[in-house]
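**Q** Here it is: the structure, laid out below.
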Amino acid sequence: MVTEPSQVFNLNGANYDSNKLSTEGQKIMLLLKESQNELGRIENQKALFQAAQQQLISQLKPLLPPPISSQPADAVGIFGSASDQIPTTPVDKPDEEPAPFPDNIPADIRANGQ
Numbered sequence: 332m333v334t335e336p337s338q339v340f341n342l343n344g345a346n347y348d349s350n351k352l353s354t355e356g357q358k359i360m361l362l363l364k365e366s367q368n369e370l371g372r373i374e375n376q377k378a379l380f381q382a383a384q385q386q387l388i389s390q391l392k393p394l395l396p397p398p399i400s401s402q403p404a405d406a407v408g409i410f411g412s413a414s415d416q417i418p419t420t421p422v423d424k425p426d427e428e429p430a431p432f433p434d435n436i437p438a439d440i441r442a443n444g445q
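Sequential numbering from 332 applies to the sequence shown in the working numbering.
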């Protein structure tokens, strides 16, 4: 009698013996392993394509013409320059204080807990 070595796998933090799976369970387990392997291959391909894309971009940069202006065609030019300071408007303190909150507001819903 030949016994298969125990194949333990982990699923959602629990360990299981794959030899104790039904035939259908073993088929599903095989599909799961294949899908995990394929995802790994796809992730490797993605990394390779991203590296190739970056290489192509760096090769293209010196060959690019000057960028197209985003200025409207009928605009003569941009006049003036940006200010180094943010303009502010002086504001006076109000002459009146706001009305006080009513005294009958329950303490558990008061903002200051009083």
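For every residue, glycine included, the Cβ atom is placed at its ideal position computed from N, Cα and C.
Quick check: what's the CA-CA separation for A378 versus N341?
**A** For this step, residue 378 is matched to residue 47 along the sequence shown. For this step, residue 341 is matched to residue 10 along the sequence shown. In a straight line, the C-alpha of A378 is about 27 Å away from that of N341.
**Q** Can you tell me the Cα-Cα spacing of P396 and Q390, whole angstroms?
**A** Position 65 of the sequence shown holds residue 396. Position 59 of the sequence shown holds residue 390. Answer to the nearest angstrom: the Cα atoms are 13 Å apart.
**Q** DSSP three-state label for D439, please.
**A** What you label residue 439 is simply residue 108 of the sequence shown in a count that begins at 1. Correct three-state label for D439: helix.
**Q** Can you pull the DSSP bridge partners for V422?
**A** Within the sequence shown, the letter at position 91 stands for residue 422. Paired residues: none, contrary to the question.
**Q** Use the C-beta contact count for M332: other C-beta atoms within 10 angstroms, 16 or more gives buried, fewer gives exposed.
**A** In the sequence shown, residue 332 corresponds to position 1, counting from 1. Caution applies to M332, whose pLDDT of 47 falls short of 50 and renders its modelled position unreliable; the model cannot decide the point.
**Q** Between which two residues does the beta strand (DSSP E) harbouring L342 extend?
**A** By one-based count along the sequence shown, residue 342 stands at place 11. Taken as a continuous stretch (DSSP letters only), the beta strand (DSSP E) holding L342 covers 339-342.
**Q** For the beta strand (DSSP E) that contains N346, what are its first and last residues?
**A** On the sequence shown, position 15 is the one that residue 346 refers to. Per DSSP, N346 belongs to the beta strand (DSSP E) from 345-348.
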